[in-house]
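A.B. asks: Structure in structure tokens, see below.
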Amino acid sequence: MDRSFDDMRREFERSWSPWPGLLPRAGALPAVRVPALDVRDDGAELVVTAEMPGVSKEDLQVRAMPDRLGVRAEVRRAREEKDENYVHRERDDCAFERAIPLPAEVVAEKAVASLRGGVLEIRLPKREPTPETKPVNVKVQ
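In the working numbering, the protein residues as written are 21 to 161.
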């Protein structure tokens with residue numbers, strides 16, 4: 021039951037992906053992780069914080085659009101395996117991918133991101149709302 025729920029969640033998130041089809045389906049890579057993240061509304065901007073342990077800024081891609089945000093990273097661990105006497109091994113190549121709809125329209129071109137201590141912070145200025153216009157009756161001639 022948990023597995024089918026996880027599969028359903030991954031497919032939903034994949035449908036929002038700004039990189040459709042770029043990553044293979046789950047199971048094709050050693051590990052595809054969905055980073056935990058928070059979205060905070062600070063009035064003039066949205067602030068997204070995501071956990072990205074072991075990721076360097078060179079491995080990270082952030083794609084902002086007016087209505088959604090995508091975060092992707094691929095971590096390749098360089099290794100010399102002269103001694104392969106592992107009893108248990110979990111650290112390996114992995115990919116992180118997450119795409120979310122944003123609760124407000126943002127000015128994607130003005131987004132800024134920083135990565136410190138395995139935590140990614142993305143600041144997205146909100147787009148000024150356009151004033152509501154009233155319908156105008158147009159006389160047909």
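Positions of the beta carbon are idealized from the N, C-alpha and C atoms, including for glycine.
Would you report the Cα separation of residue 119 and residue 87, rounded to the nearest angstrom?
C.D. replies: 11 Å
A.B. asks: For residue 16, which beta-bridge partners are listed by DSSP?
C.D. replies: What is shown of the chain runs 21 to 161, which leaves residue 16 out entirely.
A.B. asks: Out of curiosity, what's the CA-to-CA distance linking residue 105 and residue 140?
C.D. replies: 35 Å
A.B. asks: By how many angstroms is the C-alpha of residue 94 removed from the C-alpha of residue 55?
C.D. replies: Rounded to the nearest angstrom, the two C-alpha atoms are 12 Å apart.
A.B. asks: Return the CA-CA distance between residue 142 and residue 70, expressed in angstroms with no decimal places.
C.D. replies: 8 Å
A.B. asks: Since residue 136 is in the beta strand (DSSP E), which residue starts that stretch and which ends it?
C.D. replies: 132-136
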